[in-house]
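Numbering (the numbering used here), first residue to last: 267 to 518.
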């Protein structure tokens, strides 16, 4: 694999990225919690964009992949800030955001911060407000006490032998980034893809997001049997078609 380029942000973080030249709008992939830009969806979409001559950007948030900083020091606001800095520094024209899981939440935050620069959005198992509605709401009383008193709690993960360490800062800072408690206006085409067998993001989250968001061209596709990874050949094809649909309606 080619070595990444790096961007030094004003906050002093060193963000690794791969930028593919092509016609605009630039498709920007926003990964999930503890994920990185070498994941199946990010690499597949880069190759797909190259074939069609579309500009494409993938990157690692701070504390993820090949970027600087410690993961446990980060929070949603930091990672949204990383994404905003990378996009503003590397992309002059409009962007189409593709957010997977936590990246779906960050893409919704960016839709407010970047304003008219965003011409479309595709959310894949989008997980808005998950630190509050999934993590904090799902903690036992003992876990909540441990988080407050010890500053961290450990959760088992089906994706790794190592547990998820959830910090108090992740939960507390996340409360300043919530998008489902305030009006959420999406002035561009948006497509949301959700698997019915997703063990991490329930279908109710996708339905709540669709109901809460305001916009003229918002659609949710439920895929029977698909899990949270959403990386089978069939699911990758659905992502391609969703991006193409959004680009046709809002970007190209």
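Where is the CB? At the ideal position from N, CA and C, for every residue including glycine.
Which residue or residues does DSSP assign as beta-bridge partners of residue 325?
According to DSSP, residue pairing for residue 325 in a beta bridge involves 283.
Are residue 330 and residue 297 closer than 9 Å when you measure CB to CB?
It is a contact, given that the beta carbons lie within the stated cut-off.
Would you identify the three-state DSSP class for residue 334, choosing helix, strand or coil?
Under the three-state reduction of DSSP, residue 334 is assigned to coil, being neither helix nor strand.
Please report the residue range of the alpha helix (DSSP H) in which residue 346 lies.
Residue 346 -> alpha helix (DSSP H) spans 342-356.
Would you give the residue range spanned by the beta strand (DSSP E) that residue 267 belongs to?
In the DSSP assignment, residue 267 falls outside any beta strand (DSSP E), carrying neither H nor E.
Which residues mark the beginning and the end of the beta strand (DSSP E) in which residue 291 is found?
For residue 291, the enclosing beta strand (DSSP E) stretches over residues 289-296.
Taking three-plus beta-carbon pairs below 8 Å as touching, is the region 443-454 in contact with the region 306-326?
The region 443-454, when compared against the region 306-326, does not touch it at the 8 Å Cβ threshold.
Segment contact, 8 Å Cβ cut-off, at least three pairs: the region 402-413 with the region 378-386:
Taking 8 Å as the limit for Cβ pairs, the verdict is that the region 378-386 does not touch the region 402-413.
Using the three-state DSSP reduction, which class does residue 488 fall into: helix, strand or coil?
Secondary structure at residue 488: strand, using DSSP grouped into helix, strand and coil.
Along the beta strand (DSSP E) that carries residue 456, what are the first and last residues, could you check?
Counting along the chain, the beta strand (DSSP E) containing residue 456 begins and ends at 456-461.
Which complete beta strand (DSSP E) runs does the region 361-397 hold, if anything under 3 residues is left out?
Whole beta strand (DSSP E) segments, 3+ residues: 361-366, 384-390.
Whole-Å CB distance - residue 325 paired with residue 300, under 8 Å assumed:
Taking 8 Å as the upper bound for CB-CB distance, residue 325 and residue 300 are not in contact here, some 15 Å apart.
When DSSP labels each residue in this structure, what does residue 436 get in the three-state scheme?
Residue 436 falls in the helix class under three-state DSSP.
Per-residue burial, residue 397 [other beta carbons within 10 Å of its own, 16 or more giving buried]:
Buried, because 16 or more other Cβ atoms sit within 10 Å of the Cβ of residue 397.
Which residues share a DSSP beta bridge with residue 451?
Assignment of beta-bridge partners to residue 451 by DSSP yields 480.
Looking at residue 486 and residue 472, is the spacing between their C-beta atoms short of 9 Å?
A contact, by the Cβ cut-off of 9 Å.
Going by CA-CA distance only, name the one from 278, 277, 276, 295 that's closest to residue 285.
Of 278, 277, 276, 295, the smallest CA-CA separation from residue 285 is found for 295.
Going by the DSSP bridge assignment, what does residue 418 pair with across the sheet?
The partner list for residue 418 (beta bridge, DSSP) reads 433.
State buried or exposed for residue 500, treating a residue as buried only when at least 16 other CB atoms are found within 10 Å of its CB.
Residue burial is scored here from C-beta neighbours: residue 500 has fewer than 16 other C-beta atoms within 10 angstroms and is therefore classed as exposed.
Paired residues, beta bridge with residue 312 - DSSP:
Bridge partners of residue 312 according to DSSP: none are assigned.
Ends of the alpha helix (DSSP H) at residue 499?
Run containing residue 499: 499-512, per the alpha helix (DSSP H) assignment.
Check the C-beta distance from residue 489 over to residue 504 and give it rounded, since I have them as a contact under 8 Å.
Between residue 504 and residue 489 the Cβ distance is about 7 Å, and since that is below 8 Å, they are a contact.
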